[in-house]
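Visitor: One point on numbering: in our numbering, the residue at position 28 of the sequence shown is 28, and numbering is uninterrupted.
From the three backbone atoms N, C-alpha and C, an ideal C-beta is built for every residue, glycine too.
Quantities reported herein were computed from a predicted structural model and do not represent experimental measurements.
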Amino acid sequence: MNTDPNAVKILCYGESNTYGQKPDKPGRYEANIRWTGVLQELLGNGYYIIEEGLGSRTTNLDYDKKPGRNGKTYLAPCLQSHNPIDIVIMMLGTNDLKIEYRRSAVDIASALGGLIDDVRTYGETKTGVDPKIILISPIEIDDQAPFFAEFYTGYYDSESMKESKKLAEAIKKIADVKDVLFLDAAAVSKPGEDGIHFDIESQRPLAELIAGAIREL
Numbered sequence: 001m002n003t004d005p006n007a008v009k010i011l012c013y014g015e016s017n018t019y020g021q022k023p024d025k026p027g028r029y030e031a032n033i034r035w036t037g038v039l040q041e042l043l044g045n046g047y048y049i050i051e052e053g054l055g056s057r058t059t060n061l062d063y064d065k066k067p068g069r070n071g072k073t074y075l076a077p078c079l080q081s082h083n084p085i086d087i088v089i090m091m092l093g094t095n096d097l098k099i100e101y102r103r104s105a106v107d108i109a110s111a112l113g114g115l116i117d118d119v120r121t122y123g124e125t126k127t128g129v130d131p132k133i134i135l136i137s138p139i140e141i142d143d144q145a146p147f148f149a150e151f152y153t154g155y156y157d158s159e160s161m162k163e164s165k166k167l168a169e170a171i172k173k174i175a176d177v178k179d180v181l182f183l184d185a186a187a188v189s190k191p192g193e194d195g196i197h198f199d200i201e202s203q204r205p206l207a208e209l210i211a212g213a214i215r216e217l
């Protein structure tokens with residue numbers, strides 16, 4: 001925890017790639033490796049990074065196999081528990097591509113638009129203005145990765161892959177409509193052996209991309 005009362009508070013809201021899930025085995029990258037931790041390092045003590053990453057989190061869908069994964073349901077209490085917040089970073093959408101949801105990229109982007117509205121409703125800064133928002137499109141799923149079939153057969157299919165490739169464009173459009181900053185994780189990051197989760201080499205480049213954007217806000 002950063003106890004500096006003047007530190008810029010940044011909430012990182014996402015799923016397993018914000019949590020720091022490893023792509024090749026169970027477990028989480030260490031705090032100094034995952035992109036959220038590197039972001040804290042790059043920005044320094046004048047900033048306070050708050051990690052809110054949860055595996056299997058969706059934008060606004062219930063997941064019967066794992067309770068509490070609805071990103072919309074949790075967002076309001078999450079914001080209210082951390083207020084005041086200066087910046088909210090959101091990176092969601094991959095889990096919405098699962099077969100059981102059968103969501104299009106446009107559907108997912110629309111759901112993210114609703115989350116942006118929720119941030120503006122429930123998020124508060126010290127000065128009373130809305131928190132600034134950075135919307136990040138997730139990396140594309142790689143169904144040719146060596147462990148993908150073993151780990152994710154039955155969860156994603158060819159239609160999921162098709163919509164995954166459309167996500168960045170759809171999310172950028174909603175970011176423009178909602179007047180928030182857009183970043184594409186795929187510009188600097190890639191999945192590891194399971195085709196879903198960031199490899200270790202992607203953590204720092206993503207943090208550097210985000211840090212640069214934050215400094216320009």
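What does the alpha-carbon distance come out to for the pair Thr18 and Arg69?
Guide: For Thr18 and Arg69, the distance between alpha carbons rounds to 14 Å.
Visitor: Excluding sequence positions up to five away, which residues of its chain have a Cβ less than 7 Å from the Cβ of Lys190?
Guide: Closer than 7 Å at the Cβ level, and outside the excluded window around Lys190, lie Ile139, Asp199, Ser202.
Visitor: Could you tell me the alpha carbon to alpha carbon distance between Ser104 and Asn2, rounded to whole angstroms?
Guide: Rounded to whole angstroms, Ser104 to Asn2 spans 39 Å at the Cα level.
Visitor: Using the DSSP secondary-structure output, state which residues sit across from Val88 in a beta bridge.
Guide: Val88 is bridged to Leu11, Ile133.
Visitor: By Cβ distance, which residues of its chain are closer than 8 Å to Arg28, with the 5 residues on each side in sequence left out?
Guide: Within the same chain, Arg28 has close Cβ partners Tyr19, Gly20, Gln21, Lys22, Arg34.
Visitor: Do the segment 168 to 188 and the segment 122 to 134 meet, that is, are 3 or more Cβ pairs less than 8 Å apart?
Guide: With the cut-off at 8 Å, the segment 168 to 188 and the segment 122 to 134 touch.
Visitor: For Thr58, which residues does DSSP report across the bridge?
Guide: DSSP, once it has assigned bridges, lists Asn70 as partnering Thr58.
Visitor: Looking at the strands, I want to know which residues DSSP matches up with Gln21.
Guide: The partner list for Gln21 (beta bridge, DSSP) reads Arg28.
Visitor: At which residue ranges does the segment 95 to 129 contain complete alpha helix (DSSP H) runs of 4 or more residues, listed in the order of the chain?
Guide: For the segment 95 to 129, whole alpha helix (DSSP H) runs of length 4 or above, ordered along the chain, are 105 to 122.
Visitor: Pull up the CB-CB distance for Ile141 and Tyr122, whole angstroms please, since I reckon it's below 8 Å.
Guide: Not really, about 31 Å apart at Cβ, beyond 8 Å.
Visitor: Determine the closest residue to Asp96 out of Gly55, Asp194, Thr125, with distance taken between C-alpha atoms.
Guide: Ranking Gly55, Asp194, Thr125 by Cα distance to Asp96 puts Gly55 first.
Visitor: Where DSSP assigns a beta bridge to Glu51, which residues make up the other side?
Guide: Answer is Cys12, bridged to Glu51.
Visitor: Taking the beta strand (DSSP E) that Leu181 belongs to, which residues open and close that run?
Guide: Run containing Leu181: 181 to 184, per the beta strand (DSSP E) assignment.
Visitor: From Leu43 to Ala149, what does the alpha carbon distance come to, in whole angstroms?
Guide: Going from the Cα of Leu43 to the Cα of Ala149 covers about 38 Å.
Visitor: What residues are listed by DSSP as bridge partners for Thr219?
Guide: Lying outside 1 to 217, the shown extent of the chain, residue 219 is not represented and no answer is given.
Visitor: So, for Asn83: in the same chain, excluding its five sequence neighbours on each side, which residues have a beta-carbon less than 6 Å away from its beta-carbon?
Guide: Glu124, listed in sequence order.
Visitor: Tell me the rounded alpha-carbon separation between Glu169 and Gln80.
Guide: One C-alpha to the other measures close to 31 Å.
Visitor: Closest to Asn32 by C-alpha separation, out of Glu51, Glu15, Asp24, would be which residue?
Guide: The residue with the shortest Cα to Cα distance from Asn32 is Glu51.
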